[in-house]
Structure formats: C-alpha cells, structure tokens
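Counting in this note's numbering, the sequence shown runs from 1226 upward without gaps. Glycine included, C-beta positions come from ideal geometry on N, C-alpha and C. Have a look at the structure below before the remarks.
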Amino acid sequence: MKGYIGKTLRVNLTTGLCHEEAIDPKTARRFVGGTGYGIEILFRELKAGVDPLGPDNKLVFATSPLTSNLVPGGGSIMVCFKSPLTGAWGESRCGGNFGPDLRKAGFDILILEGSSKKPVYLSIVDGTPSLKDAAFLQGKDVYEKTDILEKKLIHGSKKPSVMCIGQAGENLVAFASIMYRDRAAGRSGGGTVMGAKNILAIAVAGSRQAEHADAKEFMTASRTAMKTVRENEMRDGFNEFGTVGDMPDNDEEGDWPSKNWRSNNWGQGAELFEDFQKNNLVSSKQCYSGCPIGCGRVCEVKKGAYKTPKHEGAEYESISVFTAFLLNKDMDVAVHCDYLCNRWGIDTISTGALISFAMECHEHDIFTDDDLDGIDLTWGASDALPRMVQKIVFREGIGDILANGVRKAAEIIGKGSKKFAIHVKGLEGPAHDPRSGKLLGIAYGTANRGMCHIHPLEGMAYDRGKMDWGMMDHGVSDPEKYDRWDEMGKGTECALLQRGLILPDVLCTCKFMSYAGLNPDHWASMLSATTGWDMDADELIRVGERVHTLQRLFNMREGLRRQDDMLPKRVRSTPEFGTYKDNKDCVIENYDALLDEYYTACGWNLETGIPTPATIERLDLTRYMNKQNDFGLHPE
C-alpha cells in the first residue's frame, strides 16, 4: 500500500501478546486514517454498554498517510476510545512527533486491548514491540516518566518518542490526559482508559518510511500547502502571539465564558494578555520539526510562591479556564496551574471547569468550609487554584468527587448543583461562548464527543471571522450572508462544515492549518499523491461525513438520543454581567428549530437523531449494521 506503512499492531495487555495485522486497502480508502480508523475499529469491535474502564474497552492510536513532518501540521496523532467521562465516543488529538515516529517504528495504527495485572510500558523499535515491567515508573509524573524512558531506550543517537500518563491517569481521574511531554491528548479521558489498562507509557523509535505513489507530486503538493500557510496572515498572528493572543479580542466580542458561564465576557482579557507577555512568556516553539506556524509558547513564573520552571504550555484554553472561568487575575497562578496539569497529566479545560463548578457550589453554601478543608473558594481566590488541582489529581477530600467529572459530581452532590454543571453529554465546555455567534451553539450540542469547539472547527470563526474554510465550493454558504446573531440557517451550515472540518482529525493534521488557508483541495492533492488514489475534495469530504456519521451511530448504540444534543440553559441565556449583560442578541431562542435543520441536513431522524437507513446506505455504512446495531430502528 502506497502512503501507508501498511501495518496495525495489536497488543493484548491481558495476555501480553503482540501481533501484526495488515491494513485492508478498501477500508483504508473508506476511512483513510486518524479518527476514521479509530471509529471503524471501535464500532466494529466494541459491544454496546462496554465498561470504559474495563478490559473490553480499547485504545486506538491512529496515524494517516499525511502523518509526516513534510506535511503542514502533519505531526499529530489521534487517540480514540469509549470515554469514561461521557460513556460515549471519545477521542483526542496530540501534536508533537509521536505520530510520525510511530510510523517510523513500523506501524500506522496501535490497538491496546485487555488490561494488565501489573504496571507495564510498551516499547516499539523498528517493528519490534515489547511489553515490559513498569513498577519503577509507578507514581512518577509525566516529566519524570518521559525523562527516564528517553534515557533508557535511546535509539542510536536519537531519543524515542514517549507518550505516557501521569498521576491523574494512575488515579483514574475521569478526565486524565495522555501526554507527549507538554503536549496533550487532553480531552475525553484517554489517560483514564490507559490507567485502567495499567499501561503507563509507550515509547517508539525507528527509521522506516512509507513509500509515496508519486514522490515528486507529493513534494509539489506539500510545498504548495506550506507556501499557502506561510503567506497567510492568520499564520502570522499565531506565530507572533500564540493562541493566548486571542484573549483580548474574544473578551471584547463576547466569546470568553466567565464565572462558570454566567457571562460571555469579563473585561480583563487585554490586561491579562499584556501581563503574560511581559512576565511569563519566554519564547515561541514549534510542536514538531517543520511546523510552519509555531504557535507554541515556552513560559515560566520567575519568582514568588508559584515559581514555575520553563515549560511549553499556556495556550488559550488552558489560560482562559484558569482566569476568566474563575475570575482569577493572577497570571502567575494560571501559568502554574497549567504546568501542574501537564506534569500530572490532566485535561486543563475540564479541571478549570470543575473548579468553577465547585466555586459556585460554595457560593450557594452547597460546600461548607469543612468540605473544602479550609480552602477559600470564593470567586477570584487565586491561592486556592493550585491546591484544588492537586486535590482533584490525587483524589483528596472534595477532589475525589470532582475527579468524576462535572456531570457525575453534580449527581453525587445533589442539593440543586446540577444547574451549575455546564456540559454536553458529560464533557465540560471550553473557553468559547455560543452567545458570541449562534453556529457555535449547534456545534456544541451536536459534537460527537460532547461540548467541543472544534467540531466544526470553532464555529465562531464562521460567524465572526467570516471564514468559510474553503467549503463554499462544497455546499457551505458565504458567511457574509449571515450576521453573527442570526440563528436560522446555521444548523444547515454546521452540518455541512462538520463534513469538511473533521478532515484534520481523519488526516492527523493540525487544525490551525485550516485557519491558515488549507482546504479540502490541498488535503486531497497531498493524499492522492502519496496513496495513488486520485481522490478529489468531494470524495474526501464524503469520507468526513462517513466518519462523523459512524461516530454518531456509536453514540446512538450507547443509548444517546436527541435530548443529549441539548445545550445547557445558561449557555443559551442572557449574560448576568459584563458588556453583554441582558443583551437579547445573545439568547439562542430557536435551538430546537436549529436542531431540526441540522438533522435534516445530516439525514437523521428528527425525533431521535438516529441516522436514517437511507443515509446509512448512501455513506456505505450498511455493512456495519447488524442485530446489535439496528437500534430498534426500522425505516421511518
């Protein structure tokens, strides 16, 4: 197979056996790679109702033919699983070099199944896998595990690429991450699944290369894509300011959720960004060799109670959840909390959301001072934040409840706390607010992994930035057609955008390359040159729709229905304070009608949200339907 290494490695952690499987060329063309291969494998191999933390769940680490440092954003890997946080589809992308290095080690895909009785780590060197005792790694943080394995498994003059879990994963915190040093497969709880399987780390190294069908054409297409990115003005902004640079504008535009979503702006974004630039920023950094954007930031806290070493971190979401979510004005504390999350291996977004939930519970006397072990959880109490991160990671006191995620925590706590638990399908919301543009609202509700801003890729960029992502040639309307406050029509646009903007997850490329001008035509050109498929953009977008729909069917098989696509009332209502206080434009009034629009465009049943038999047949998914997978659904 051109473009692929052509092999999957399946590791059974119960038996300790590893074996290779050849990749089927027909399946490859239907699903390509990344989250496409993830859902194809998990839908086919998992049974409905499987325990996310049991041995029957599986972790799929998947690359694609474009997982290459020669491709703009091609350093990523997708990790797919049934989520312990939502009980539904789970996935997360991680940047860095692990994806390309897994292929160099000899495999396109790694499947982990079963559970080990003792802690182990997996090494893969030039096609040879080995499971080894990891007792010496147990209890160590991400940086310690990584340093030890890099030294222990050095391959010639090159360090191996290491992905591992920290203490959060070992302690089965429901939103633990899988880390590539400071880079994270952060959302949905993949680190929790890895911890439950008792595998602490994976190290890969090798020198194998996939063969291109047309190497000259591949290089031409890749150089064209690189040139497009480097000449795009969005690239310049990310390179100069990183994603933290979005805080001032997002705050002003009402796209900065504050005080547990009680407002969509706070008015502190510009001041906090200036503070970060002056006192915490050290340098910019590429997440993998060859990245044409370089949005990463190296930062530190030079002195004081929260002195923090230089590390790569402080991106927009992480800093926002440790500032605006909590009304914290101390940037040193925010940077320090982000560092702790990386070090201990836990999702920053969910962690900040859980602390904001706890603050609101405390405000309403649901938590007493005794419950909090004397921690001051009033809004803006910056000293409390690192202590709360520690409590969650190590399941200490109230942290043991919060470590279950906001939906389950509210169920355990009761006392009216559910109205403070802001999530969709169990996944806590990130630092973008649909009250700044209505397309993001329907995207939050319908994203397969929960309240996610990148499916489709940040809907507010269509509403506010008037970005069409190259999708106007594929059915999406000109964004200039709409005002950001408009509602009707956005359900249809969301459905069409999702088909194209899931492609970076299928191709294992960085989402920011789409911001910087790459579109389905660029991806199809590079993919065709390496595989020899002659796949155009329309066929590739159909792959995206197929993948998105099979993920939807995965969720339907787990019992999710239309009611699970609803937004929390607070996120659809007028802000309580700030510039947009009581602004009726922010209200999403016709959410049910938007959902009808969306379902119609997707070809899903309006009452249940289940894809119709006609849609399943059109997308060549009938082969996945059987007695277990018919959902009790018969033609409408």
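Problem set entry | Whether Pro-1277 touches Gly-1324 by CB criterion (8 Å) | In this structure, Pro-1277 keeps its C-beta atom at 8 Å or more from the C-beta atom of Gly-1324.
Exercise. On the three-pair Cβ rule with 8 Å, is the segment 1278-1296 touching the segment 1328-1337?
Worked result: Yes: at least three Cβ pairs fall under 8 Å.
Problem set entry | Neighbourhood of Val-1772 by C-beta, 7 Å cutoff - its chain only, sequence neighbours within 5 removed | Same-chain partners within the cutoff: Phe-1256, Thr-1260, Gly-1261, Ile-1264, Ile-1727, Val-1731.
For this session: Drop a sphere of 10 angstroms on the beta-carbon of Arg-1848, count the other beta-carbons inside from all chains shown, and report buried for 16 or more, exposed for fewer.
Result: Exposed: under 16 other Cβ atoms inside 10 Å.
Problem set entry | Assumed close pair Leu-1186, Ala-1583 - CB separation to whole angstroms, cut-off 8 Å | Outside the shown range of the chain (1226 to 1861) lies residue 1186, about which nothing can therefore be said.
For this session: Measure the CB-CB distance between Ser-1413 and Leu-1665 and report whether it falls below 8 Å.
Result: No, the pair does not count as a contact, with Cβ atoms beyond the cut-off.
For this session: Just grab the DSSP bridge partners of Thr-1533 for me.
Result: Thr-1533 pairs with Val-1526.
Exercise. Can you tell me whether DSSP reads Glu-1653 as helix, strand or coil?
Worked result: Under the three-state reduction of DSSP output, Glu-1653 falls in the strand class.
For this session: May I have the straight-line CA-CA distance separating Leu-1271 from Leu-1284, to the nearest angstrom?
Result: About 11 Å.
Exercise. Counting pairs of beta carbons, one from the segment 1488-1499 and one from the segment 1519-1527, are three or more of them closer than 8 Å?
Worked result: With a cut-off of 8 Å on Cβ pairs, the segment 1488-1499 is not in contact with the segment 1519-1527, counting fewer than three such pairs.
Exercise. Given that a residue counts as buried once 16 or more other Cβ atoms are within 10 Å of its Cβ, and exposed if not, what is Ser-1508?
Worked result: With fewer than 16 other beta carbons inside 10 angstroms of its own, Ser-1508 counts as exposed.
Problem set entry | Asp-1608 versus Asp-1474 - alpha carbon distance | Approximately 27 Å, taken between the alpha carbons.
Exercise. Fully enclosed by the segment 1475-1519, which alpha helix (DSSP H) runs are 4 residues long or longer?
Worked result: Every unbroken stretch of the alpha helix (DSSP H) spanning 4 or more residues and falling wholly within the segment 1475-1519 is given here in chain order: 1494-1504.
For this session: Report the residue from Ala-1253, Val-1454, Glu-1585, Glu-1338 whose alpha carbon sits nearest the alpha carbon of Gly-1515.
Result: The shortest Cα separation from Gly-1515 among Ala-1253, Val-1454, Glu-1585, Glu-1338 belongs to Val-1454.
Exercise. Buried or exposed: which applies to Glu-1861, given that a residue is buried once 16 or more other Cβ atoms fall within 10 Å of its Cβ?
Worked result: Low confidence applies here, because Glu-1861 scores a pLDDT of 38, under 50, leaving its location unreliable; read the following figure in that light. Using a 10 angstroms sphere on the CB of Glu-1861, the tally of other CB atoms stays under 16, which defines it as exposed.
For this session: Return the chain-ordered list of same chain residues with a C-beta closer than 7 Å to the C-beta of Lys-1532, the five sequence neighbours on each side being excluded.
Result: Val-1526, listed in sequence order.
Exercise. By Cβ distance, which residues of its chain are closer than 6 Å to His-1859, with the 5 residues on each side in sequence left out?
Worked result: Low confidence applies here, because His-1859 scores a pLDDT of 42, under 50, leaving its location unreliable; read the following figure in that light. Cβ within range, chain order: n/a, list empty.
For this session: Would you list the one or two residues that DSSP bridges to Phe-1286?
Result: Answer is Val-1304, Leu-1335.
Exercise. With DSSP run on the structure shown, which of helix, strand or coil describes Trp-1748?
Worked result: In the structure shown, Trp-1748 adopts helical secondary structure according to DSSP, grouped into three states.
Exercise. So is Lys-1179 buried or exposed if we call it buried at 16+ other beta carbons inside 10 Å?
Worked result: What is shown of the chain runs 1226 to 1861, which leaves residue 1179 out entirely.
Exercise. Based on Cα-Cα distance, which residue from Phe-1268, Glu-1456, Lys-1232 lies nearest to Arg-1782?
Worked result: Residue nearest to Arg-1782 within the set Phe-1268, Glu-1456, Lys-1232 is Phe-1268 (criterion: CA-CA distance).
Problem set entry | Contact set for His-1657: own chain, Cβ-Cβ below 7 Å, skip 5 residues either direction | Counting only Cβ-Cβ distances below 7 Å, and skipping sequence neighbours, we find Asp-1480, Leu-1665, His-1678, Glu-1683, Met-1685.
Problem set entry | For Thr-1292, the residue or residues it bridges with in DSSP | Paired residue(s): none; Thr-1292 is not in a bridge.
Exercise. Is DSSP giving Ala-1247 helix, strand or coil here?
Worked result: Here Ala-1247 carries a strand assignment [DSSP, helix/strand/coil].
For this session: Please report the residue range of the alpha helix (DSSP H) in which Pro-1354 lies.
Result: Here Pro-1354 belongs to no alpha helix (DSSP H); instead the beta strand (DSSP E) covers 1353-1358.
Exercise. How would you write the range of the beta strand (DSSP E) that Ser-1543 sits in, first residue to last?
Worked result: Note, Ser-1543: premise wrong, no beta strand (DSSP E); alpha helix (DSSP H) at 1541-1546.
Exercise. If Gly-1570 and Ala-1393 are in contact, beta carbons under 8 Å, what's the gap, nearest whole angstrom?
Worked result: Contact flag correct, Cβ pair sits at about 5 Å.
Exercise. Between Met-1556 and Asn-1485, is the Cβ-Cβ spacing less than 8 Å?
Worked result: In this structure, Asn-1485 does not lie closer than 8 Å to Met-1556 by Cβ.
For this session: Whole angstroms is fine: what's the gap from Thr-1734's alpha carbon to Arg-1406's?
Result: Going from the Cα of Thr-1734 to the Cα of Arg-1406 covers about 19 Å.
Problem set entry | Straight-line gap, Asn-1629 to Arg-1689 (C-alpha atoms, nearest Å) | When rounded, the distance between both Cα atoms is 35 Å.
Exercise. So, helix, strand or coil for Leu-1820, using DSSP?
Worked result: Here Leu-1820 sits in helix by DSSP.
Exercise. Within 10 angstroms of its Cβ, does Gly-1599 collect 16 or more other Cβ (buried), or is it exposed?
Worked result: Answer is exposed; the Cβ neighbour count stays below 16.
Problem set entry | For Ser-1340, three-class secondary structure by DSSP | In the structure shown, Ser-1340 adopts coil according to DSSP, grouped into three states.
Exercise. Straight-line CA distance for Lys-1644 to Ala-1287?
Worked result: Computed Cα separation, rounded: 37 Å.
Exercise. Mind checking Asn-1851: buried by the 16 CB within 10 Å criterion, or exposed?
Worked result: Counting Cβ neighbours within 10 Å, Asn-1851 comes out exposed, since fewer than 16 surround it.
Exercise. Are the Cβ atoms of Asp-1358 and Val-1429 separated by less than 8 Å?
Worked result: Contact flag unset, no.
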